[in-house]
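Novice: Take this structure, written in structure tokens, and hold onto it; I'll ask about it next.
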Amino acid sequence: MSVLSVEGLCVRYAGQQNPAVDDLSFSVEAGQTLALVGESGSGKSTTGFAILGLLPAQAQVRARQLAFAGQNLLGLSENALCAVRGGGIGMVFQDALSALNPLMTVGEQIAEAVRLHHPVSRAEARARALALLKRVRIAEAQRRLDEYPHRLSGGMRQRVVIAMALAGEPRMLIADEPTTALDVTIQAQILRLLADLQAEAGLALLLITHDLGVVAEMADRVLVMRHGRCLEQRDVLDLFNAPQHPYTRQLLAACPPVGSPV
Amino acid sequence: MNLPWRSIPLWLGALCLLAIGVAALAAPVLVGSDPLAMVARPYLWPGQNAAHWLGTDMLGRDLWSGLVYGARVSLRIGLEAGVCTALLGLAIGCLAGYFGGWVDNLLMRVTELFQIMPSLIFTLVLVIILGPRVDTLVLGIAATAWPNVARLARGEAQRLAGMEFVQAARVIGMSEARILWVHILPNALMPVLAMLAMLVGHAILTEAALAFLGLSDPNVVSWGSMIGAGRDVLRTAWYMTALPGLAIFFTVAALGLLGGALNDWLNPRRGGLQ
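Sequences listed follow chains A and B, in order. Those letters in the first sequence? Residues 1 to 262, per UniProt numbering, in order. Those letters in the second sequence? Residues 1 to 274, per UniProt numbering, in order.
This is how it looks when you write it as structure tokens:
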């Protein structure tokens, strides 16, 4: 059974003619990575937020099916949704600096995330926060626990954000442009970390990105989006070898091949 | 987050307030007489009598004793009203800014309702209705001063509500109430803290203004009530109003210096924090 299965997802903002997401269907298996690819405004992020029920009230979300681990997410109460968020599905954001509260230490923030989903003591939550920091391979984890976010580098902050997303032991991660704000070497480290974590825990990963290099490295399947619609959805090798839709071909051509003169 | 240790206004303000605060706390040690007791000949000018070096008022009450005990009442009213104002404004501003929509509309209309009334007259009416006591003075001052704090906190909360860490908190399943408490309040508190010194200064001035109009707690001496009492003999014995007036001036000026320095330090828009 798929961890997440979406069928006929439509999102429409009040007062706008075109739907932000139009009749989108996909599913993600455990241990598998699905990449949502498309230009800005194609509805990638909206899809991620719609799954978690986090769109503002003026957005209208409909779907024939929106199921996480067999549980229908549409029509769940706010409390039940809170349990799914973080507990079932974790999310990683683009900008890791603004994803952390500047007034709380790294340890406090991760411990807070742990305690949201597990009824443990403060000391136990702190111990788990430390374990999570080690799991995301932060150097000198013990010392980082008591540091404030502005003292960390961009890559370390993103690791902290990933640790927070993992605090509730989710079965699925939604990563919304997780490496866009980082420089290239750090990007590669974070992507490797995500892949390792996925392999360790059999996480399903929904990767939202516009970076085809990231897609080639990480994804099993790719879904190309434009104007809220799915243009094609295929295995990653097929897509790169024989893109079918003209837009996909354009997208691939926009990426200079390795070794080409600049 | 380094305090600007070399800042002269900070030191001047802090030392001045510290001196006044210590004097207020140590009042029974500093002066022997009850500020409300008639202890000497009335209308003694400062320096006339060594035992009462700041002189006496028209009823023969020691003015130095009045100043020191008055500091207790004035500072207490200032602090309590300042803190109440900050808390009330912070709570309303954060709720309005974070939730937006109809909550924001409702709370901001109420805030505007309070803002369009002349604040001193509104405080005056409240104190007249409730009767002039220390606690009603605090209430009256806080009830009119909070809208400015609320607007400031609302702006901060709106900014914070759009930040990714708030979104991230929602994504890991934090409830709205918990997000408000953990993420919004502490972050919106910073600019309000920077404003606190000004609020205390404002409260002390308002208390003095009310006392000048005769609305002060008759059971205690405050700087304002001393000015109010001295008003009738302003032309013949101006020192009775001038001395507590100077005390208020120095306290409020010190609070202003301290507030300015704190604002420089805590205000993120000046690049202080982070």
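Heads up, the beta-carbon is just placed ideally off N, CA and C, and yes, glycines get one too.
Would residue 93 of chain A count as contacting chain B if we go by Cβ distances under 8 Å?
Specialist: Here residue 93 of chain A refers to the residue found at position 93 of the first sequence. So, interface residue.
Novice: Over the uninterrupted alpha helix (DSSP H) stretch that includes residue 179 of chain B, give me the two end residues.
Specialist: Counted from its first residue, the second sequence places residue 179 of chain B at position 179. Here the alpha helix (DSSP H) through residue 179 of chain B covers 176-179.
Novice: Helix, strand or coil: which one does DSSP assign to residue 72 of chain A?
Specialist: Residue mapping note: residue 72 of chain A aligns to position 72 of the first sequence, counting from 1. Reduced to three states, the DSSP call for residue 72 of chain A is strand.
Novice: Does the Cβ-Cβ distance between residue 86 of chain A and residue 145 of chain A come in under 8 Å?
Specialist: By 1-based counting over the first sequence, the position of residue 86 of chain A is 86. By 1-based counting over the first sequence, the position of residue 145 of chain A is 145. Their beta carbons are not under 8 Å apart, which means residue 86 of chain A does not touch residue 145 of chain A by this criterion.
Novice: Report the neighbours of residue 97 of chain B on chain A: residues whose CB is nearer than 7 Å to its CB, in chain order.
Specialist: In the second sequence, counting from the first residue as 1, residue 97 of chain B sits at position 97. Result: empty, since nearest Cβ-Cβ is about 16 Å, beyond 7 Å.
Novice: Taking the alpha carbon of residue 52 of chain A as the point to measure from, which residue in B/161, B/37, B/170 has its own alpha carbon closest?
Specialist: To locate residue 52 of chain A, count along the first sequence from 1; it is residue 52. Here the closest residue by C-alpha is B/170.
Novice: According to a CB-to-CB cut-off of less than 8 Å, which residues of the region 155-168 of chain B neighbour chain A?
Specialist: 163, 164, 165, 167, 168
Novice: For a cutoff of 8 Å on Cβ pairs, would you count residue 161 of chain A as touching chain B?
Specialist: Here residue 161 of chain A is taken as the residue at index 161 of the first sequence, counted from 1. Judged by the 8 Å Cβ criterion, residue 161 of chain A is in contact with chain B.
Novice: Cα separation between residue 225 of chain B and residue 216 of chain B?
Specialist: Within the second sequence, numbered from 1, the residue matching residue 225 of chain B stands at position 225. Within the second sequence, numbered from 1, the residue matching residue 216 of chain B stands at position 216. Near 6 Å, if we compare the C-alpha coordinates of residue 216 of chain B and residue 225 of chain B.
Novice: Could you name the residues of chain B that residue 112 of chain A contacts, counting a contact when the two beta carbons are closer than 7 Å?
Specialist: Taking the first sequence and counting its residues from 1, one reaches residue 112 of chain A at position 112. Within chain B, the residues near residue 112 of chain A are 182.
Novice: Spatial neighbours of residue 152 of chain B within its chain, please: CB distance less than 7 Å, with the 5 preceding and 5 following residues excluded, ordered by chain position.
Specialist: If you number the second sequence from 1, residue 152 of chain B lands on position 152. Non-local beta-carbon contacts of residue 152 of chain B in its own chain, meaning distances under 7 Å to residues more than five positions away in sequence, involve 93, 191, 192, 195 in chain order.
Novice: Please determine, among B/177, B/154, B/206, the residue with the shortest C-alpha to C-alpha distance to residue 143 of chain B.
Specialist: By 1-based counting over the second sequence, the position of residue 143 of chain B is 143. Out of B/177, B/154, B/206, B/206 has the C-alpha closest to the C-alpha of residue 143 of chain B.
Novice: Nearest to residue 176 of chain A by CA position, among A/147, A/95, A/56, is which residue?
Specialist: Position 176 of the first sequence holds residue 176 of chain A. Measuring from the Cα of residue 176 of chain A, the nearest candidate turns out to be A/95.
Novice: What are the start and end residues of the alpha helix (DSSP H) that includes residue 31 of chain B?
Specialist: Mapped onto the second sequence, residue 31 of chain B falls at position 31. Element bounds for residue 31 of chain B: n/a, residue is neither H nor E.
Novice: State buried or exposed for residue 158 of chain A, treating a residue as buried only when at least 16 other CB atoms are found within 10 Å of its CB.
Specialist: Within the first sequence, numbered from 1, the residue matching residue 158 of chain A stands at position 158. Buried: at least 16 other Cβ atoms inside 10 Å.
Novice: Applying the 10 Å Cβ sphere with the 16-neighbour rule, what's the burial state of residue 112 of chain A?
Specialist: Taking the first sequence and counting its residues from 1, one reaches residue 112 of chain A at position 112. Residue 112 of chain A is buried by the Cβ-count criterion.
Novice: Cβ of residue 244 of chain B less than 8 Å from any chain A Cβ?
Specialist: Counting from 1 along the second sequence, the entry for residue 244 of chain B is found at position 244. Not an interface residue.
Novice: Tell me the residue span of the alpha helix (DSSP H) that contains residue 270 of chain A.
Specialist: With chain A covering only 1 through 262, there is no way to say anything about residue 270 of chain A.
Novice: Taking residue 90 of chain A as the query, report the chain B residues whose CB atoms sit under 9 Å from its CB, ordered along the chain.
Specialist: Residue mapping note: residue 90 of chain A aligns to position 90 of the first sequence, counting from 1. Under the 9 Å cutoff, chain B gives 171, 172.
Novice: Just to confirm the assignment, what range does the alpha helix (DSSP H) spanning residue 284 of chain B have?
Specialist: Only positions 1 to 274 of chain B appear in this structure, which leaves residue 284 of chain B out of reach.
Novice: Excluding the five sequence neighbours on either side, which residues of its own chain have a C-beta within less than 6 Å of the C-beta of residue 74 of chain B, listed in chain order?
Specialist: Here the question's residue 74 of chain B lines up with position 74 in the second sequence. Hits under 6 Å: 204, 222, 223.
Novice: Provide the residue span of the beta strand (DSSP E) that contains residue 91 of chain A, from first to last.
Specialist: Translated into the one-based positions of the first sequence, residue 91 of chain A becomes position 91. Here the beta strand (DSSP E) through residue 91 of chain A covers 89-92.
Novice: Along the region 184-200 of chain B, what residues have a CB closer than 7 Å to any CB found in chain A?
Specialist: 186, 187
Novice: May I ask which residues mark the beginning and end of the alpha helix (DSSP H) holding residue 155 of chain B?
Specialist: By one-based count along the second sequence, residue 155 of chain B stands at place 155. 134-161 is the extent of the alpha helix (DSSP H) around residue 155 of chain B.
Novice: At what residues does the alpha helix (DSSP H) containing residue 7 of chain A begin and finish?
Specialist: As a working note, residue 7 of chain A is residue 7 in the first sequence. Careful: residue 7 of chain A lies outside any alpha helix (DSSP H), inside the beta strand (DSSP E) at 4-13.
Novice: Three-state secondary structure (DSSP) at residue 216 of chain B?
Specialist: Locating residue 216 of chain B in the second sequence gives position 216, where the first residue counts as 1. Residue 216 of chain B falls in the coil class under three-state DSSP.
Novice: Mind checking if residue 122 of chain A is an interface residue toward chain B, Cβ cutoff 8 Å exclusive?
Specialist: Here residue 122 of chain A refers to the residue found at position 122 when the first sequence is read from its first residue. With 8 Å as the cut-off, residue 122 of chain A does not count as an interface residue toward chain B.
Novice: Beta-carbon of residue 152 of chain A versus every beta-carbon of chain B: anything under 8 Å?
Specialist: Working through the first sequence from its first residue, we reach residue 152 of chain A at position 152. Not closer than 8 Å to any Cβ of chain B, the Cβ of residue 152 of chain A fails to qualify, so no.
Novice: Could you check whether the region 11-19 of chain B touches the region 245-257 of chain B, counting it as contact only if at least three pairs of C-beta atoms, one from each stretch, sit closer than 8 Å?
Specialist: Note that the region 11-19 of chain B touches the region 245-257 of chain B; at least 3 beta-carbon pairs, one per stretch, sit closer than 8 Å.
Novice: Just list the residues that DSSP pairs residue 176 of chain A with in beta bridges.
Specialist: Here residue 176 of chain A is taken as the residue at index 176 of the first sequence, counted from 1. Residue 176 of chain A pairs with A/208.
Novice: Which term fits residue 153 of chain A, buried or exposed, when burial requires 16 or more other beta carbons within 10 angstroms of its beta carbon?
Specialist: The residue given as residue 153 of chain A occupies position 153 in the first sequence. So residue 153 of chain A ends up on the exposed side.
Novice: Between which two residues does the alpha helix (DSSP H) carrying residue 72 of chain B extend?
Specialist: Within the second sequence, numbered from 1, the residue matching residue 72 of chain B stands at position 72. Residue 72 of chain B -> alpha helix (DSSP H) spans 63-99.
Novice: Check whether the region 62-69 of chain A touches the region 5-14 of chain A, taking contact to mean three or more Cβ pairs, one atom from each stretch, closer than 8 Å.
Specialist: yes
Novice: When you compare the CB positions of residue 134 of chain B and residue 220 of chain B, do they come within less than 8 Å of one another, or not?
Specialist: As a position in the second sequence, residue 134 of chain B is number 134, starting the count at 1. As a position in the second sequence, residue 220 of chain B is number 220, starting the count at 1. Contact flag set, yes.
Novice: What residues from chain A crowd round residue 175 of chain B, counting only those whose CB sits closer than 7 Å?
Specialist: Start at 1 with the first residue of the second sequence, and residue 175 of chain B comes out as number 175. Chain A residues near residue 175 of chain B: 82.
Novice: Quick one: which chain B residues come within Cβ less than 7 Å of residue 103 of chain A?
Specialist: Counting from one through the first sequence, the residue named residue 103 of chain A turns up at place 103. At a C-beta separation below 7 Å, residue 103 of chain A has these neighbours in chain B: 186, 187.
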